[in-house]
Amino acid sequence: MYKKIMVPIDLAHIEVLEPSLQAVADLARHYDAEVCYVGVTSSAPGSVARTPEEFTRKLEAFAQERSGVHGQPVSTHTIVSPDPIADLDDRLIQAIDDVGADLVIMPTHPPKHLDVIMPSHGGKVATHTKASVFLVRPKSA
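Following this note's numbering, the numbering of the sequence shown begins with 107 at its first residue and continues without gaps.
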């Protein structure tokens, strides 16, 4: 059913992504799908990498490590933006077409009243693409 799963990755906060990474591993094995890890970085030095090229190398290393977990083919797609926070949703929506993804798996937070003012990234992505979007919420304590 799914051939390519896109997974937005924040290399600075991998520990928060673990529930969605487990869902990716399970679904990639189930559908025998390729997993494309997508990262958005600034053109300026940041906490993860000093250059977009260094960021790309770290993203590729992460993808290869995760391939060892789920055993499926992996690819990466780096998005360089002058303002990753402001551009994130639109860049992720464009990346879905750029990489040919038919499923997007991404973490989200439980609904809050603030969502009326600042909607979740997953909600915007889901309403602006033809791909299926699977939002993974963290387990409640």
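Using N, Cα and C, we set each Cβ at its ideal position, and we do this for glycine too.
Asked	Found
Beta-carbon separation (whole angstroms), residue 180 vs residue 210, contact threshold 8 Å	In fact, because the Cβ distance is near 15 Å, the residues do not count as touching under 8 Å.
Which of helix, strand or coil DSSP assigns to residue 147	strand
Inter-residue CB distance, residue 198 and residue 144 (contact presumed, cutoff 8 Å)	7 Å
Selection from 135, 125, 208, 174 that minimises the alpha carbon distance to residue 115	125
Contact the segment 183-192 vs the segment 126-133: 3+ CB pairs below 8 Å	no
Opposing strand residues paired with residue 241 [DSSP bridges]	212
Residue from 182, 128, 121, 173 with nearest C-alpha to residue 207	182
When 157, 112, 244, 111 are compared against residue 147, the one with the closest alpha-carbon	157
DSSP bridge partner residues for residue 112 (one or two, in chain order)	142, 210
Residue range of the alpha helix (DSSP H) that includes residue 122	From DSSP, residue 122 is part of no alpha helix (DSSP H); its letter is neither H nor E.
Beta-carbon proximity of residue 202 to residue 237, cut-off 7 Å	yes
Proximity of residue 118 and residue 153 at Cβ, strictly below 7 Å	yes
Proximity winner among 108, 205, 122, 111, relative to residue 244 (alpha-carbon distances)	122
C-alpha distance - residue 137 paired with residue 176, whole-angstrom precision	11 Å
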